[in-house]
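In the numbering used here, the protein residues as written are 509 to 896.
Where is the CB? At the ideal position from N, CA and C, for every residue including glycine.
Before any comments, here is the structure.
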Ligand SMILES: [Fe+2]
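Here it is as structure tokens:
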């Protein structure tokens, strides 16, 4: 029989090591940068995910545990009011200390303590759930880390490459066609074994009118037609808020796109490259996704339509904007304690994105996964799928 502790420990090690692996191409200077509020410094991610294990598992459950540094709670708490004051989000990039080396020491210290704790204790279901939560949280931050590294390097005028390796293919191989889904009462939400976040729970029935959904994501080439048709200048295609956003910020193309010597380029992990017309569009706001759908005289799917159709779609390259607001499912209750702050308090003014992106760890993907962002967000790996 395979030892349960051994399996958990090896999963823990793999996931924790992957965060450090993602940072291998960085220079020391890259680790501390916070070019915008929404992009946290890589070293902050490395420390915050470690703080999560220390705060939710070691401090309350490991007898005699000594905090690595009692100040780190103030520095690396993200948004948990239950744990009190913390560094303002906008000031995360001000933290030249602790150094990157100290943060890696912090990771090593906590990893060692967690390994000891898992090996030497009877693991009740509550502890197992907390470890799983810590690992899922780390995986969420691995994606945020990649988005933030891309922003740090991709908005640098030198457009430094993150990697010299092959860019993974972003083309959706399926030939675009609309898939028909008949009307009916469909189950929505997570059911069954395995992990899910609290806001996916509460499997419930939802009635859907008949609809069609595209088998493929919108490509760069298709979006280019929208730009060339002056989609960014036609106010009738935009929400008022979106129109104000693009004009206030002088947005006329997706994030990372640059028109150079008569050709569209974009920043990729290999540096500045010509746009590939067949690749899936990336880095657009909800406002742009909506305006594009308007221009096509189509619409974005609801999150429920997406979930019902998902098994028939190729997905996993982009977080796909839906037209659904991020709201609780029937029967949703926040977890007791600090973990109740994880999702519930964000159920306002944000839109749901479904699927997964090229930056989402494979073991972190689920058909019922509900990602959510404010409608102006463009630095995440977002794209468009159309419905009608
Ligand atoms: Fe977090």
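With a threshold of 7 Å on Cβ separation, who are the neighbours of residue i within its own chain once the five nearest residues in sequence on each side are excluded?
| i | result |
| --- | --- |
| residue 667 | 775, 779 and 780 |
| residue 695 | 711 and 713 |
| residue 771 | 782 |
In terms of residues, what are the limits of the beta strand (DSSP E) holding residue i?
| i | result |
| --- | --- |
| residue 862 | 859 to 863 |
| residue 774 | 771 to 776 |
| residue 752 | Element bounds for residue 752: not the beta strand (DSSP E) but the alpha helix (DSSP H), 748 to 756. |
| residue 779 | 779 to 782 |
| residue 831 | 827 to 833 |
Does DSSP classify residue i as helix, strand or coil?
| i | result |
| --- | --- |
| residue 716 | strand |
| residue 879 | strand |
| residue 736 | helix |
| residue 819 | helix |
| residue 565 | helix |
| residue 593 | coil |
| residue 694 | strand |
| residue 872 | helix |
| residue 574 | coil |
| residue 886 | coil |
Ends of the alpha helix (DSSP H) at residue i?
| i | result |
| --- | --- |
| residue 527 | 512 to 530 |
| residue 647 | 633 to 662 |
| residue 686 | Element bounds for residue 686: not the alpha helix (DSSP H) but the beta strand (DSSP E), 686 to 689. |
| residue 554 | 550 to 561 |
| residue 846 | Residue 846 -> no alpha helix (DSSP H), and no H or E assigned at all. |
| residue 796 | 794 to 803 |
| residue 612 | 608 to 628 |
| residue 583 | 580 to 584 |
Given residue i, which residues of its chain have a CB within under 8 Å of its CB, disregarding the five upstream and five downstream residues?
| i | result |
| --- | --- |
| residue 749 | 795 and 883 |
| residue 575 | 562, 567 and 581 |
| residue 812 | 694, 696, 714, 716 and 832 |
| residue 565 | 622, 625, 635, 638, 639 and 642 |
Rounded C-beta distance between residue i and residue j? I'm assuming under 8 Å.
| i | j | result |
| --- | --- | --- |
| residue 887 | residue 659 | 5 Å |
| residue 790 | residue 891 | 6 Å |
| residue 532 | residue 550 | Contact flag wrong, Cβ pair sits at about 11 Å. |
| residue 861 | residue 823 | Incorrect: roughly 11 Å between the Cβ atoms, too far for contact. |
Excluding five sequence neighbours on each side, which residues of the same chain lie with their C-beta closer than 6 Å to the C-beta of residue i?
| i | result |
| --- | --- |
| residue 634 | none |
| residue 725 | 680, 788, 826, 891 and 893 |
| residue 594 | 582 and 585 |
Give me every residue whose Cβ sits closer than 6 Å to any heavy atom of ligand 1, in chain order. 556, 586, 645 and 649
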